[in-house]
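According to the numbering used here, the sequence shown holds residues 270 to 588 in order. C-beta: ideal position from N, C-alpha, C; glycine also. One structure is given below, encoded as structure tokens.
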Amino acid sequence: MAKKLIGVDLGGTTIKFAILTENGEIQQKWSLRTNILDEGSHIVPDIIESINHHLDLYKMSRDQFVGIGMGTPGTINREKGTVVGAYNLNWKTTQNVKDEIEAGTGMKFALDNDANVAALGERWKGAGNEGDDVAFITLGTGVGGGLIANGKLVHGLGAGGEVGHMIVKPNGYLCTCGNRGCLEQYASATGIVHIAQDKAEEYEGDSRLKAMIDNGDEITAKIVFDLAKQNDYLANTVVDEVCLYLGLASANLSDALNPEYLVIGGGVSAAGDFLLKRVQENFKKYAFPTVRTSTQLKLAELGNDAGVIGAASLARQFM
């Protein structure tokens, strides 16, 4: 009897759950609001309760499952199954996630960083086509990454895959990490708005984007890209700058790893080919010649499901 997998994608606002076949097909999905009150002490009990409740609901037993995998923000000890410093979850101290969830559900449990897990998802069922060498960059509120080399995630000593903190502009914008000029400050949703505001101050010409910023209207990365698609001159200069840094980072990453695919995902990637084409132009300009012709840039294909699918794939180690 083929066993099933459970994937959990833990985020600052939502916890997503899925039950999958061992081949990665989603059979059931549900989600929960993340309760970060009281130093995030409700999060793990809520996850346990929700899994147990849904197994009862679907009349399923524990022995039908291989195990549970989860993607989480923060710094992770994969062996011990602990998480520390996940500030958007209010987890300031070490959380013994693995021990608690295994005790609470009676199933084996594995976890990894949320961007790594999304990379595993895209590699398994999405744009990575089960390739042995796949690099993944996710553009959301921040910029995350997951690097797969020889079929395995690159963890290094724990911070492998922190592509958002590659410096793309020395002495540039100050990053939350304390450095200046990180990719995260130029290609994340927040970074794109920052660039737009700075450029609007200097821009004299006619622009809907400038008018909105001068008016104090709420600006988002999506608005910037939508206006650029409508040939707003200022919006286009913003997109050009974002794609310059993203193309440069993609080239440097690919020069180091020469993956089969470099996959771009996350909310900002919803801009689609409009984004990808400009990133590709810069990638081709900066990449090493053989890398330029062998590494292929692609958009992610799984959207919001990458996290739960990749998380579930962590549980395959228990098969």
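Once the 5 residues before and after residue i are set aside, which same chain residues still bring their CB inside 7 Å of it?
| i | result |
| --- | --- |
| F587 | V335, G336, K377 |
| E471 | none |
| A271 | T290, E291 |
| P528 | D402, V403, A404, T564 |
| T410 | S457, A458, T459 |
| G441 | R449, G450, Q454 |
For residue i and residue j, what's the separation of their Cα atoms in angstroms?
| i | j | result |
| --- | --- | --- |
| F286 | K479 | 41 Å |
| A404 | V352 | 24 Å |
| N419 | L522 | 16 Å |
| A584 | L503 | 47 Å |
| V493 | V508 | 8 Å |
| G415 | G429 | 8 Å |
| A497 | T374 | 49 Å |
| A539 | K328 | 37 Å |
| K553 | N346 | 37 Å |
| Q297 | V277 | 12 Å |
| N321 | N573 | 23 Å |
| L513 | F557 | 16 Å |
| A520 | W299 | 38 Å |
| L326 | A575 | 25 Å |
| G579 | L426 | 21 Å |
| G354 | L443 | 20 Å |
| D381 | A388 | 11 Å |
| D495 | K349 | 45 Å |
| T562 | P439 | 28 Å |
In the DSSP assignment, what are the bridge partners of residue i?
| i | result |
| --- | --- |
| G534 | T407 |
| K349 | K349 is not bridged to any residue. |
| L443 | R449 |
| K613 | No answer is possible for residue 613: it lies beyond the span of the chain, which begins at 270 and ends at 588. |
| V412 | L408 |
| N419 | DSSP output for N419 lists no bridge partner at all. |
| Q364 | V352 |
| K273 | T290, F334 |
| D381 | G340 |
| I578 | Paired residue(s): none; I578 is not in a bridge. |
| I461 | DSSP output for I461 lists no bridge partner at all. |
| I436 | C451 |
Please go through the same chain and pick out, in chain order, the residues whose beta-carbon is closer than 8 Å to the beta-carbon of residue i, but skip the five residues on each side of it.
| i | result |
| --- | --- |
| N448 | H434, I436 |
| R331 | L324, T374, G375, M376 |
| I317 | E369, I370, G373, T374 |
| D542 | L568 |
Tell me which same chain residues have a C-beta within less than 6 Å of the C-beta of residue i, skipping the five on either side of it?
| i | result |
| --- | --- |
| G311 | The question names Gly, but residue 311 in the sequence shown is His. Excluding residues within five positions, the ones whose Cβ falls inside 6 Å are N304. |
| Q549 | L566 |
| P314 | none |
| E510 | I464 |
| W393 | G293, S582 |
| V537 | L408, A458, A490 |
Original post:
Along the chain, which unbroken stretches of the alpha helix (DSSP H) at least 4 residues long are found entirely within the segment 468-522?
Top reply: Counting only unbroken stretches of 4 or more residues, the alpha helix (DSSP H) elements lying wholly within the segment 468-522 are 477-483, 490-498, in sequence order.
Subject >> the segment 525-544 contacting the segment 564-573, beta-carbon criterion three pairs below 8 Å >> reply: The segment 525-544, when compared against the segment 564-573, does touch it at the 8 Å Cβ threshold.
Subject >> 3 or more residues per run - each beta strand (DSSP E) lying fully within the segment 278-345 >> reply: Runs of the beta strand (DSSP E) inside the segment 278-345: 283-290, 295-302, 334-341.
**OP:** Determine, using beta-carbon pairs with one atom in the segment 357-368 and one in the segment 385-402, whether at least three such pairs fall under 8 Å.
**Re:** Flag = no, the segment 357-368 and the segment 385-402 do not touch.
Original post:
Is there contact between the segment 360-376 and the segment 442-456, where contact requires at least three CB pairs shorter than 8 Å?
Top reply: Here the segment 360-376 does not lie against the segment 442-456, with fewer than 3 beta-carbon pairs under 8 Å apart.
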